[in-house]
Amino acid sequence: MYHLDNVEWTKCWALLLLIVASIECKNDQSELTKSVTEVVEDPCASIKCGFGQECVFDHDNNEAECICIRACPQNDDLRRRVCSNYNETWQSDCHLMKHRCDCLEEQTDSKYCTYEHKHMHIDYYGECKDIEPCQDDVLEDFPRRMRDWLDNIISLSRVEVTESKQDMAHKWIDAIIWKFCDLDKEPHDRYVSRHELFPLRAPLLSMESCISDFLDGCDSNADHKITLVEWGKCLGASPGKL
Ligand SMILES: [Ca+2]
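Count along the sequence shown starting at 1, add 5, and that's the number in our numbering.
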């Protein structure tokens, strides 16, 4: 039978102590991590800041607060340029929003702030350019093009639509409802406001001259909010199908 000599016993004990110490250390670390996680909560998590603002923690007052965005990343990508509603190109949406906030909060020299800067918003993505007037025939054909566009999005995404590939009418109704729900988020109140149309309108305006006229036409009673029935009607669905 093999017997351990004194040196080997010493090595074994040392190894055992190391293992025990390692386990205890891990336990201590997990307890420490747990306690830190429990104590440290992001004070900004429940705060929603306004246009051009970000949330920071004010250590003096021990509270979170919204301030104008402090810095925007340098952007050299022309595709990320934005055009304001006053037809002025900005380096990015961040730069436009920051400048408006800085002007409103008097965080920058007033000589750089015009009336327009204090009231601007993003009109569309891309550099400002002459948008061609919407032609009647293009506007008339717009629901069909929107339909094709939505079909493509649905096909490329994992949005659940009816499984029947043959039933194109049902598929189209599903697409109309899905897009309405996708837009109706802030607030989620079963109406789509002009503000909520922004994610749909802004990326398309520089390419689709009729998008604004088309969306304005969806609000058939001109109350500045679109219902699901109005949305379906302007996309060519009969009210009974929604
Ligand atoms: Ca809404």
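Each residue gets a CB set at the ideal place from its N, CA and C atoms; glycine is no exception.
Beta-carbon proximity check, residue i vs residue j, cutoff 9 angstroms
i, j, result
"residue 196", "residue 231", "yes"
"residue 134", "residue 88", "yes"
"residue 199", "residue 130", "no"
"residue 239", "residue 148", "yes"
"residue 120", "residue 104", "no"
"residue 144", "residue 194", "no"
"residue 188", "residue 204", "yes"
Inter-residue spacing [alpha-carbon to alpha-carbon] between residue i and residue j
i, j, result
"residue 241", "residue 152", "9 angstroms"
"residue 28", "residue 65", "Residue confidence is low: residue 28 scores 49 on pLDDT, short of 50, so the model does not pin down where it sits. Its coordinate-derived value is still stated next. Each residue's Cα considered, the two are about 40 angstroms apart."
"residue 233", "residue 71", "35 angstroms"
"residue 41", "residue 48", "Any reading at residue 41 needs caution, since the residue's pLDDT is 49, under 50, leaving its predicted position unreliable; the model's value is listed next. Rounded to whole angstroms, residue 41 to residue 48 spans 14 angstroms at the Cα level."
"residue 108", "residue 216", "31 angstroms"
"residue 54", "residue 115", "23 angstroms"
"residue 179", "residue 186", "11 angstroms"
"residue 101", "residue 245", "43 angstroms"
"residue 25", "residue 50", "Confidence is the limiting factor: at residue 25 the pLDDT is only 47, short of 50, which leaves the residue's position unreliable and the question unanswerable from this model."
"residue 224", "residue 202", "11 angstroms"
"residue 229", "residue 181", "19 angstroms"
"residue 156", "residue 175", "12 angstroms"
"residue 23", "residue 75", "Caution applies to residue 23, whose pLDDT of 47 falls short of 50 and renders its modelled position unreliable; the value that the coordinates give is listed next. Near 49 angstroms, if we compare the C-alpha coordinates of residue 75 and residue 23."
"residue 154", "residue 46", "42 angstroms"
"residue 192", "residue 235", "18 angstroms"
"residue 30", "residue 62", "With a pLDDT of 44 at residue 30, under the threshold of 50, the modelled position of that residue is not reliable, and the figure given next carries that caveat. If I take the Cα positions, the gap works out to 33 angstroms."
"residue 150", "residue 52", "39 angstroms"
"residue 247", "residue 227", "21 angstroms"
"residue 260", "residue 146", "Because the chain here runs from 6 to 247, residue 260 falls outside it and cannot be looked at."
"residue 97", "residue 190", "24 angstroms"
Delimiting residues of the alpha helix (DSSP H) encompassing residue i
i, result
"residue 203", "203-206"
"residue 89", "Unbroken run through residue 89 is the beta strand (DSSP E), 87-89; no alpha helix (DSSP H)."
"residue 61", "Careful: residue 61 lies outside any alpha helix (DSSP H), inside the beta strand (DSSP E) at 58-63."
"residue 129", "Looking at the DSSP string, residue 129 is not in any alpha helix (DSSP H); the run it does join, the beta strand (DSSP E), is 127-130."
"residue 239", "233-239"
"residue 199", "No alpha helix (DSSP H) holds residue 199; DSSP gives it neither H nor E."
"residue 107", "98-109"
"residue 121", "120-124"
CA nearest to the CA of residue i, picked from the options
i, options, result
"residue 80", "214, 236, 68, 95", "95"
"residue 68", "224, 185, 60", "60"
"residue 237", "206, 74, 183", "183"
"residue 137", "228, 214, 63, 83", "214"
"residue 132", "220, 227, 52, 207", "207"
"residue 73", "142, 113, 150, 245", "113"
"residue 106", "58, 145, 120, 149", "58"
"residue 212", "175, 84, 194", "84"
"residue 139", "210, 46, 205, 52", "210"
"residue 243", "63, 177, 75", "177"
"residue 110", "141, 227, 56, 62", "56"
"residue 141", "226, 222, 247", "222"
Boundaries of the beta strand (DSSP E) in which residue i is found, first to last residue
i, result
"residue 213", "Where residue 213 is concerned, there is no enclosing beta strand (DSSP E), given that its DSSP letter is neither H nor E."
"residue 68", "68-73"
Quick one: any contact between the region 90-98 and the region 112-125, if contact means 3 or more CB pairs under 8 angstroms? Yes, the region 90-98 touches the region 112-125.
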